[in-house]
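Report on one structure; see the data block that follows.
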Amino acid sequence: MIIEPKVREYICTTAHPQGCGESVRRQAAYAASKGEITGAKKALIIGCSTGYGLASRISALVNCKAATLGIMFERPANEKRTATPGWYNTAEFEKLSGEQGIYARTLNGDAFSREMKEQAIEAIREDLGEVDLVVYSLAAPRRTDENGVTWNSCLKTTAAPFTEKSLDLRTNKIVEKTIQPATEEEVQGTVKVMGGEDWADWIDALSAAGVLKKDAVTVAYSYIGPELTYPIYYHGTIGTAKQHLHQTANEINQAHPDIKAYISVNKGLVTQASSAIPIVPLYFGILYKVMKKKGLHEGCIEQMTRLFTEKLYGKDVPETDENGFIRMDDYELLPEIQEEVNQDWKAVTTENLEESCDLDGYWEDFYHMFGFHYGNIDYAKDTDPVIPIPSLE
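Using the working numbering, you'd call the opening residue of the sequence shown number 361 and step up by one each time.
Right under this line is the structure:
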């Protein structure tokens with residue numbers, strides 16, 4: 361099969377196995393450049409196959425030499441279509457772990473379900489005994505809870521309609537986008553999917569099963585962003601869900617005094633989830649330009665490696681702000697960064713888009729998520745899309 365990118369607006373429906381493998385290897389090489397630390401030894405990564413979750417798993421392996429159990433929800437290939445990028449990423453990760461002689465196992469299924477929690481607990485009991493790190497990095501459009509109720513998330517405001525510039529990813533043109541306010545039911549659904557309820561369920565289940573080491577750490581990922589994106593993000597349905605996630609960290613700490621829960625507030629990056637949010641891709645494109653010019657840009661692996669080696673581990677206690685958050689968005693929110701971003705935002709038009717926005721960098725990151733646009737990969741070569749994941753065979 362000749363595998364080419366097939367892009368529809370903010371999603372690519374194909375993935376390249378060798379390209380995804382190249383992405384994992386490059387991330388691992390970057391993590392290795394930062395050296396080994398004393399950190400997690402046995403980690404559970406919930407949402408391990410793409411983005412921040414994958415980068416966390418790589419840093420846990422490379423920087424901490426940790427055994428990892430990963431939870432993903434990915435689709436394998438068949439003769440007519442490729443696998444999802446997360447499938448290929450995980451296959452390469454397990455290969456990398458095997459080369460280093462370090463345990464890696466992956467479970468594929470619905471992380472929201474009681475069945476998956478039970479499978480994970482059994483796998484920990486069988487293979488690891490207990491874990492000392494739980495990373496919660498799920499991004500999903502819907503969730504069926506343990507009562508059988510299905511909740512859907514949405515990308516809307518929670519106040520009045522909001523109109524602002526946006527980037528039409530189909531045409532690379534600046535357009536005006538209006539985001540409508542959510543109903544109470546839509547807000548509730550988004551909180552149920554993207555808030556902290558399932559994170560707390562995981563910790564409750566792991567703790568009750570006795571597979572959490574005393575003094576274990578759990579971390580969930582969030583985003584706050586600048587005031588520019590508040591109406592659609594922090595003050596929108598997603599932000600409401602993230603604020604629930606933040607409250608959940610406190611609730612976990614109160615309910616489980618033997619472990620410590622943290623929120624890592626990360627930098628804005630191109631991911632499969634963020635690409636779908638109106639207005640945000642344009643902000644990210646401008647942000648990329650400004651941060652690269654100042655030598656402060658970080659991708660997922662740079663963020664997670666810095667989290668593991670500088671903020672979460674390597675000190676007597678993790679480095680947090682007055683709210684108890686680990687701030688990985690510290691570079692993004694520097695006043696000099698945001699001042700320049702705001703200037704470019706006001707000035708950007710379709711005509712000067714390439715001057716004001718790192719459009720090439722945005723699209724490079726987008727294609728890299730699916731294993732495309734790597735110069736050392738022969739994309740004209742016939743490629744077998746069926747790649748096994750060792751622990752799932």
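Backbone N, C-alpha and C fix where the C-beta goes; we use that ideal spot for every residue, glycine too.
Buried versus exposed, by CB contacts within 10 Å (16 or more), residue i
| i | result |
| --- | --- |
| N423 | buried |
| V509 | exposed |
| S393 | exposed |
| G458 | exposed |
| R474 | exposed |
| D492 | buried |
| P586 | buried |
| T600 | buried |
| K602 | buried |
| K675 | exposed |
| L577 | It is Val, not Leu, that sits at residue 577 in the sequence shown. It counts as buried. |
| I431 | buried |
| V677 | exposed |
| D718 | buried |
| R417 | buried |
Beta-bridge partners of residue i, as assigned by DSSP
| i | result |
| --- | --- |
| M554 | DSSP output for M554 lists no bridge partner at all. |
| K620 | V577 |
| S582 | V625 |
| P541 | T517 |
| V535 | S526 |
| C372 | V367 |
| V708 | Answer is none; V708 lacks a bridge partner. |
| Y691 | BP columns for Y691 are empty, so no partner. |
| F685 | I623 |
Proximity of residue i and residue j at Cβ, strictly below 8 Å
| i | j | result |
| --- | --- | --- |
| V640 | I592 | yes |
| G407 | L498 | yes |
| M688 | V630 | no |
| H604 | S582 | no |
| K402 | E490 | yes |
| T665 | Y390 | yes |
| E364 | Y739 | yes |
| A580 | I646 | no |
| K627 | Q663 | yes |
| E454 | K425 | no |
| T466 | I749 | yes |
| E714 | Y691 | no |
| L503 | D564 | Per the sequence shown, the amino acid found at residue 503 is Arg instead of Leu. Cβ distance not < 8 Å, so R503 and D564 don't count as in contact. |
| Y727 | F644 | no |
| F685 | G399 | no |
| A375 | F730 | yes |
Whole-angstrom C-beta distance between residue j and residue i, which should lie under 8 Å
| i | j | result |
| --- | --- | --- |
| N449 | C380 | 5 Å |
| V384 | E452 | 4 Å |
| T608 | C514 | Rounded, the Cβ-Cβ distance is 20 Å, inconsistent with contact. |
| L429 | L404 | 5 Å |
| F433 | G461 | Between G461 and F433 the Cβ distance is about 28 Å, and since that is not below 8 Å, they are no contact. |
| G549 | N512 | 5 Å |
| T710 | K533 | 5 Å |
| L566 | Y370 | Actually they are not in contact, since the Cβ atoms of L566 and Y370 sit about 34 Å apart, beyond 8 Å. |
Proximity test, Cβ basis, 8 Å: residue i and chain D
| i | result |
| --- | --- |
| A621 | Structure shown: chain D not included; a single protein chain is present. |
**Asked** Should the segment 738-746 be called in touch with the segment 430-448, which here means at least 3 C-beta pairs below 8 Å?
**Response** Cβ pair count under 8 Å is three or more, so yes.
**Message:** Could you check whether the segment 590-604 touches the segment 518-533, counting it as contact only if at least three pairs of C-beta atoms, one from each stretch, sit closer than 8 Å?
**Reply:** Contact holds between the segment 590-604 and the segment 518-533, because three or more Cβ pairs, one in each stretch, are under 8 Å apart.
**Message:** Quick check: the segment 569-580 against the segment 611-620, are at least 3 beta-carbon pairs closer than 8 Å?
**Reply:** The segment 611-620 and the segment 569-580 touch, with no fewer than 3 CB-CB distances between them shorter than 8 Å.
**contact_flag[the segment 690-702, the segment 644-654] where n(CB pairs < 8 Å) is 3 or more** = Yes, the segment 690-702 is in contact with the segment 644-654.
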